[in-house]
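Respectively, the protein sequence lines represent chains A and B. Under the working numbering, the first residue of the first sequence carries the number 1, and numbering increases by one thereafter. Under the working numbering, the first residue of the second sequence carries the number 1001, and numbering increases by one thereafter. Here a beta-carbon is modelled for each residue, glycine too, at the ideal position from N, C-alpha and C.
Protein chains: 2
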Amino acid sequence: MQPRKQHLVDTALALFNQQGYHATGIDLILAQSGVSKATLYKHFRSKDELILAALEQRHLHVLNAISTKIDRAIKAGDSGVLAIFDALNEWFNSEQFLGCNFINASAEYGDAQHPIHRLSAQHKQAIIELIRAQLPPNDAEKADQIGLLVDGAIVMAHTRGIKNAAFIAKDMAKIILF
Amino acid sequence: MQPRKQHLVDTALALFNQQGYHATGIDLILAQSGVSKATLYKHFRSKDELILAALEQRHLHVLNAISTKIDRAIKAGDSGVLAIFDALNEWFNSEQFLGCNFINASAEYGDAQHPIHRLSAQHKQAIIELIRAQLPPNDAEKADQIGLLVDGAIVMAHTRGIKNAAFIAKDMAKIILF
DNA sequence: CTTGAAGTGAACAAATCTGTCTACCACTAT
DNA sequence: ATAGTGGTAGACAGATTTGTTCACTTCAAG
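Encoded structure:
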């Protein structure tokens, strides 16, 4: 990806997370990134495509980060699934925590057929698969349970600002898993 | 509340839920409700105030509905807390399920200081209190756990369209409670 | 009968939104 | 050298946004 295009996506992603998708105008993204409008529309056909590109990038980044955490935990002899909640905890207590891009996106694009909503659903599904891969085959149905705990923790942390939401979820995960 | 004002709030609430808050223009609310713009601004100082009024109404309605379900369950000798998940299940499988107004609102108004975000937080907190009132005093801290399961189920049902999300949450609630 | 409250309809302002287009610049590989 | 690529600056269009204002109507209560 060309550096200007990359910078555009990075800036857009940050602004979408801070202010929401509809509330973030294209002019603000351009001003903040220092990219010209013509360049934007050379790389993307519309604002929606920019949103999709930003979310796809975020999707890959999150999946990568979680995979790394899981691998590290397993090498240390710990539970890969529980490591996810430690990662959540770090996220919730970082300065940049403003909720999950995908939950927020499917809130704004409520129509299940909308490409942005569908991408959000795919992201959540991909995380479920990551969890499932950590479970013994006869516990596969627990993946949805763990995924539900993850999303519940995210909402709790975001809407009410409960910083230790990840540990509340983790406690329940332990009961479910063992 | 005057009937026209009431009708305005009802229409607005439905549209906000369907299309989101920023995406729903005031002109659409007016056209769909048949109310004139001057009337809107006689009753509300701004669109944000209309949003707040709609959410406050929804807040009271939801609390009332949950309380009723809990009372009915208790009279039948069942768990009041578990009855919440049955109510969720009905909601998820109704035609009008488009996610939780308050989760969606705090997604669009991400700033924790924004009145709309704060109202959403208050709503979620009020539900936690309702749950807490159903728990024995030494289990009070389980209210946040149950609340997390509720929100997790809502997200699961909305973003991925998992219709039985309420029962997945209910299964975990049973383990937590007993 | 008249006053006041509630509502209508429409025009209007002012800002903001996405998207298009033109003319131009800088660099790099052939 | 020259063609192609990627980028800039900025004007512009056209639609849409929230919010204001004015003249008029309807109707019930004192």
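Neighbour flag for residue i against chain A, beta carbons, 7 Å
i	result
Gln1113/B	no
His1059/B	no
Arg1072/B	no
Arg1160/B	yes
Lys1075/B	no
Ile1175/B	yes
Lys1124/B	yes
Ile1103/B	yes
Leu1098/B	yes
Val1062/B	no
Val1081/B	no
Met1156/B	yes
Met1172/B	yes
Residues near residue i in its chain [Cβ-Cβ closer than 7 Å; skip 5 each side]
i	result
Asp111/A	His117
Leu1058/B	Reading the sequence as shown, one finds Arg at residue 1058/B and not Leu. The answer, listed in chain order, is Leu1013 and Asn1101.
Ala1165/B	Phe1092, Ala1153, Met1156 and Ala1157
Gln1134/B	Ile1070, Gly1080 and Val1081
Glu95/A	none
Residue of the options minimising C-alpha distance to residue i
i	options	result
Leu30/A	Thr11/A, Asp144/A and Ser46/A	Thr11/A
Val1081/B	Glu1108/B, Asp1144/B, Ser1120/B and Pro1115/B	Asp1144/B
Phe1016/B	Val1150/B, Asp1171/B and Asp1048/B	Asp1048/B
Lys1142/B	Lys1174/B, Lys1163/B and Ser1094/B	Lys1174/B
Thr24/A	His7/A, Glu108/A, Leu130/A and Glu129/A	Glu108/A
Asn1093/B	Leu1177/B, Ala1065/B, Ile1154/B and Asp1171/B	Ile1154/B
Gln6/A	Ala54/A, Lys37/A, Gln113/A and Gln19/A	Ala54/A
Arg4/A	Tyr21/A, Asp151/A and Lys37/A	Lys37/A
Ser180/A	Gly20/A, Val62/A and Ile26/A	Limits of chain A in this structure are 1 at one end and 178 at the other, which puts residue 180/A out of reach.
Asp171/A	Asn1064/B, Ile1162/B and Leu1149/B	Leu1149/B
Leu1052/B	Ala1105/B, Leu1028/B, Pro1137/B and Gln1018/B	Ala1105/B
Ala126/A	Ser67/A, Gly20/A and Gln18/A	Ser67/A
Glu129/A	Gln113/A, Arg72/A and Leu63/A	Leu63/A
Glu1056/B	Pro1136/B, Gln1122/B and Pro1137/B	Gln1122/B
Thr39/A	Leu8/A, His61/A and Gly20/A	Leu8/A
Phe1178/B	Pro1136/B, Gly1147/B and Lys1163/B	Pro1136/B
Ala1083/B	Ile1162/B, Gln1019/B and Ile1146/B	Ile1146/B
Proximity test, Cβ basis, 7 Å: residue i and chain B
i	result
Ser196/A	Any property of residue 196/A remains undetermined from this structure, which presents chain A solely from 1 to 178.
Lys163/A	no
Ser106/A	yes
Ser120/A	yes
Ile168/A	yes
Val35/A	no
Sequence-distant residues of its chain with Cβ nearer than 6 Å to residue i (five each side left out)
i	result
Ile74/A	Gly80
Leu50/A	Ala12 and Phe44
Arg132/A	Ala140 and Ala143
Ala1087/B	Lys1069
Neighbourhood of residue i by C-beta, 8 Å cutoff - its chain only, sequence neighbours within 5 removed
i	result
Phe1167/B	Phe1085 and Asn1089
Gln2/A	His43
Asp1151/B	Cys1100, Ile1103 and Lys1124
His22/A	Glu108
Gly1020/B	Asn1104 and Glu1108
Is there contact here, the region 90 to 105 of chain A with the region 154 to 172 of chain A, by at least three beta-carbon pairs under 8 Å?
-> yes
Just checking, does the region 25 to 39 of chain A make contact with the region 117 to 127 of chain A on the three C-beta pairs under 8 Å criterion?
-> With the cut-off at 8 Å, the region 25 to 39 of chain A and the region 117 to 127 of chain A do not touch.
Against chain A: residues of the region 1004 to 1032 of chain B by CB proximity under 9 Å = Asn1017, Gln1018, Gln1019, Gly1020, Tyr1021, His1022 and Ala1023
With 8 Å as the C-beta to C-beta threshold (strictly closer), list the residues of the region 136 to 152 of chain A near chain B in chain order.
-> Asp144, Gln145, Gly147, Leu148, Leu149, Val150, Asp151 and Gly152
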